[in-house]
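Student: I have a structure I would like to understand better, so I am pasting it below and will then ask my questions one at a time.
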Amino acid sequence: MAVWGSTPSFSCVRRTCFIYIFLSWFIAVNLAAAAAPETTSTSSPATATIAPGTNGYKYIGCYNETTALSGTGSGTRALYGGINEVLPGEMTVEKCLGFCKSGMKEEKGYRFAGLEYSRECWCATQLFSLSSKVANTECNLACDGNKSQICGGDLRISVYDLHGVVNSVAADGQSTPRLALMLVVLVVGGGVVGGLL
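Residues -34 to -1, 1 to 163 (mature numbering (1 follows the signal peptide of the UniProt record, and there is no 0)) make up the sequence shown, in order.
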């Protein structure tokens, strides 16, 4: 076994040290990327920005709409199991979140609220697992009723969550955590080393 400051043995360099260095680097890079805060542009009052949320809802990101994806069955939407409202010329983030909050009295509101195409509001109990989080810049349409706010995009939906937690649900109702699990397997000198990240 090598000691810091000494010359490492051949077996340490080829087997153990490489694996530990690689895994340490990989974990550090991925943890730093996951912890990096998302930023939004607020440089100009004329530029539409992402509203953080209201009525207990918290913005969780921009997601792709799933109606155009193959394999979604009968056109399952990114947010499904709820209601929607279209307000051309009037939609704002506050109107949508208020609509979703009042839509399910026994549950104190739908869990998810989303805005799309600058005028559509979608309230849902579930976020479809085929809908993936995309860059916030892809939700780039200003709300019809408030040009300083973002209301989704073309096949992109600005999603708000009452719980502030991102879990998606598959069409069959099975919960699927949005945190990716990655199995790292390295074959070194005939042995296999693996780890779950």
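Even glycine gets a Cβ: it sits at the ideal position worked out from N, Cα and C.
Which of the three DSSP states, helix, strand or coil, is assigned to L63?
Tutor: What you label residue 63 is simply residue 97 of the sequence shown in a count that begins at 1. Here L63 sits in helix by DSSP.
Student: If you run the structure through DSSP and keep just helix, strand and coil, what is N102?
Tutor: Position 136 of the sequence shown holds residue 102. N102 falls in the helix class under three-state DSSP.
Student: Can you tell me whether DSSP reads E73 as helix, strand or coil?
Tutor: As a position in the sequence shown, residue 73 is number 107, starting the count at 1. It is helical.
Student: Closer than 7 Å by C-beta to E60: which residues in its own chain qualify, once you throw out the five before and the five after it? Chain order, please.
Tutor: Within the sequence shown, the letter at position 94 stands for residue 60. T20.
Student: What number of angstroms, rounded off, separates the C-alpha of K24 from the C-alpha of V125?
Tutor: One-based indexing of the sequence shown puts residue 24 at position 58. One-based indexing of the sequence shown puts residue 125 at position 159. K24 and V125 have their C-alpha atoms roughly 8 Å apart.
Student: Going by the beta-carbon positions, is the gap between E86 and N50 smaller than 9 Å?
Tutor: Within the sequence shown, the letter at position 120 stands for residue 86. Within the sequence shown, the letter at position 84 stands for residue 50. It is a contact, given that the beta carbons lie within the stated cut-off.
Student: Could you tell me which residues DSSP puts in a beta bridge with N112?
Tutor: Position 146 of the sequence shown, counted from the first residue, corresponds to residue 112. The bridge partners DSSP lists for N112 are C109.
Student: Could you tell me the distance, in whole angstroms, from the CA atom of C62 to the CA atom of E73?
Tutor: Position 96 of the sequence shown, counted from the first residue, corresponds to residue 62. Position 107 of the sequence shown, counted from the first residue, corresponds to residue 73. C62 and E73: Cα-Cα distance of roughly 17 Å.
Student: Taking only three categories from DSSP, how would you classify S84?
Tutor: In the sequence shown, the residue the question calls residue 84 occupies position 118. It is coil, neither helix nor strand.
Student: Within a Cβ cutoff of 6 Å, which residues of the same chain sit near A(-2), ignoring the five residues on either side of it in sequence?
Tutor: Locating residue -2 in the sequence shown gives position 33, where the first residue counts as 1. With a pLDDT of 42 at A(-2), under the threshold of 50, the predicted position of this residue should be treated as unreliable, though the coordinate-derived value follows. Setting aside the 5 residues that flank it on each side, A(-2) has no residue in the same chain whose C-beta is closer than 6 Å to its C-beta.
Student: Express the C-alpha separation of A108 and S84 in angstroms, rounding to a whole number.
Tutor: By 1-based counting over the sequence shown, the position of residue 84 is 118. By 1-based counting over the sequence shown, the position of residue 108 is 142. Cα to Cα, S84 sits roughly 6 Å from A108.
Student: Along the beta strand (DSSP E) that carries Y23, what are the first and last residues, could you check?
Tutor: As a position in the sequence shown, residue 23 is number 57, starting the count at 1. It is not in any beta strand (DSSP E) - Y23 carries neither H nor E in the DSSP assignment.
Student: Can you grab the Cα-Cα spacing for the pair V(-6) / E31, in whole Å?
Tutor: Counted from its first residue, the sequence shown places residue -6 at position 29. Counted from its first residue, the sequence shown places residue 31 at position 65. Note on V(-6): pLDDT 41, under 50, position unreliable in the model; no value is reported.
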